[in-house]
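Colleague: Numbering (this note's numbering), first residue to last: 369 to 490. Beta carbons are placed, not taken as given, at the ideal position from N, Cα and C, and that holds for glycine. The structure is given below, and queries will be raised subsequently.
Here it is, written out as structure tokens:
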């Protein structure tokens with residue numbers, strides 16, 4: 369079973385995301401900010417993917433992504449940014465920082481499935 373970390377400061381988004389990804393047969397871990405997500409990622413070195421919000425308190429998604437990609441990990445997880453940030457310079461910034469894919473909120477089960485299939489998570 370593959371493991372996905374769902375990082376979002378919204379409890380409702382985490383609840384919906386957990387339900388969707390659980391239906392795909394994925395084990396779902398959660399974090400409500402980038403700092404907590406970094407702790408979860410470090411405790412789970414075999415993590416397969418991360419669905420990452422950009423705008424969060426304490427440590428935002430870009431700060432988390434930059435820190436994660438800077439770590440010497442045996443396995444770097446697939447990172448799909450999932451945010452309301454939709455202007456092209458922000459998307460380019462996320463991809464240059466190491467995001468593998470980018471989706472807009474609100475998302476649907478089909479969108480998540482498509483991105484996970486495209487990146488090899490599913």
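So, with DSSP's three-state summary, where would you put residue 489?
Modeller: It is coil, neither helix nor strand.
Colleague: CA-CA distance, residue 447 and residue 370?
Modeller: Looking at the two C-alpha atoms, the distance is approximately 14 Å.
Colleague: Measure the alpha-carbon distance for residue 416 versus residue 382 and round it to whole angstroms.
Modeller: Taking the straight line from one Cα to the other gives about 18 Å.
Colleague: With C-beta atoms as the reference, is residue 397 less than 8 Å away from residue 408?
Modeller: Contact flag set, yes.
Colleague: Could you name the residues that DSSP lists as bridge partners for residue 395?
Modeller: Answer is 371, bridged to residue 395.
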